[in-house]
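In order, the protein sequences belong to chains E and X. Going by full-length UniProt numbering, 18 is the number at position 18 of the first sequence; the sequence numbering is gapless. Going by full-length UniProt numbering, 51 is the number at position 51 of the second sequence; the sequence numbering is gapless. Beta carbons are placed, not taken as given, at the ideal position from N, Cα and C, and that holds for glycine. One structure below.
Protein chains: 2
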Amino acid sequence: MKRSLEHIQYTDDTETLARFAKALGHPTRITILQYLEKQSCCFTGDLVDVLPFSQSTISQHLKELKNAGLIQGEVNPPKIKYCIHQENWKIAKRLFKSFFE
Amino acid sequence: MKRSLEHIQYTDDTETLARFAKALGHPTRITILQYLEKQSCCFTGDLVDVLPFSQSTISQHLKELKNAGLIQGEVNPPKIKYCIHQENWKIAKRLFKSFFE
DNA sequence: AAAATCTATCGTATATTTGCGATAAACAAT
DNA sequence: ATTGTTTATCGCAAATATACGATAGATTTT
């Protein structure tokens, strides 16, 4: 991909909002987050049981949600407990709200 | 890409929310929408002047926003006037709001 | 020590996204 | 009729996303 200018500078809020939105841009990830909102927390395996995708695919979606900052995982051997990242969740909520006015 | 099951059925709201989120998942498109929120409407050329991308690239982003239902274009020869799609905008606002509770 | 459980990561294949320049299409003005 | 203006679309290239099976790593249980 070629870019005409080195790096366009959007505002930080714009970048952040786009990053959150991108992470939400897949029905599986929306579903995972809705599940987490209800359950408060869950293990990867719970989602594998619920969603019709392979373990590796679910794991990848979780990774993306984690990279976007929307969830966090605590090691709880041999499992990993995933929860919503409350702090960033609030930021996302605020950014979307103010975006839509 | 292989899919293990023919078609997963998410709820309509989940599908719709993901579709909106995906369209919002790029800083340029966020910027375009913020511009439209302020200006209420604009022409493609206005955005080409403001954003550091080629006319064809801007046009493509507008197409995606239109496909997602977030904006609409009225022909106003030889220009095209783009506005926020108020009805769908309200739906998006509601879906995001209830998603974040 | 061996087996079982759980999850991340690697490698691979395919689809989609993002960007550009060039061109086409639609209309207005000359 | 020709020219200019505006925008969409085509064709291309590179990057990213999505899915899978196989495997590796960590820890518990036996």
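Of all the CB atoms in chain E, is at least one closer than 9 Å to the CB of phenylalanine 96 of chain X?
Phenylalanine 96 of chain X counts as touching chain E.
For the segment 3 to 63 of chain X, list the alpha helix (DSSP H) runs that are entirely contained and at least 4 residues long, ordered along the chain.
Runs found: 12 to 24, 27 to 39 and 44 to 50.
Cβ neighbours of leucine 24 of chain E in the same chain (closer than 7 Å, five flanking residues each side left out)
So the list reads Ile30, once near-sequence residues are dropped.
Considering only residues of the same chain and omitting the five flanking positions on each side of leucine 95 of chain X, which have a CB-CB separation below 8 Å?
The answer, listed in chain order, is Asp13, Thr16, Leu17 and Phe20.
How far does the alpha helix (DSSP H) with glutamate 101 of chain X in it reach, from first residue to last?
First-last for glutamate 101 of chain X: undefined, no H or E at that position.
Would you give the residue range spanned by the beta strand (DSSP E) that glycine 73 of chain X belongs to?
Counting along the chain, glycine 73 of chain X sits inside the beta strand (DSSP E) bounded by residues 71 to 76.
Starting from the beta carbon of threonine 31 of chain E, find every residue of chain X whose beta carbon is closer than 7 Å, and list them in chain order.
Here the neighbours are Tyr10 and Thr14.
Select from the segment 18 to 30 of chain X all residues with a C-beta closer than 7 Å to any C-beta belonging to chain E, and list them in chain order.
Only Ala18, Ala21, Lys22, Leu24, Gly25, His26, Pro27 and Ile30 from the segment 18 to 30 of chain X bring a Cβ to less than 7 Å from some Cβ of chain E.
Closest by CA to glutamate 74 of chain X, which one among X:Cys42, X:Ile91, X:Ser54 and X:Ala68?
Distance from the Cα of glutamate 74 of chain X is smallest, within the candidate group X:Cys42, X:Ile91, X:Ser54 and X:Ala68, for X:Cys42.
Quick one: is proline 27 of chain X buried, meaning 16 or more other Cβ sit within 10 Å of its Cβ, or exposed?
It counts as buried.
List, in order along the chain, the chain E residues whose C-beta lies closer than 8 Å to that of residue 102 of chain X?
Because chain X in this structure spans residues 1 to 101, residue 102 of chain X falls outside the shown range and cannot be described.
Contacts that lysine 79 of chain E makes with chain X (C-beta to C-beta distance below 8 Å)
In chain order: nothing, as chain X lies at least about 23 Å away.
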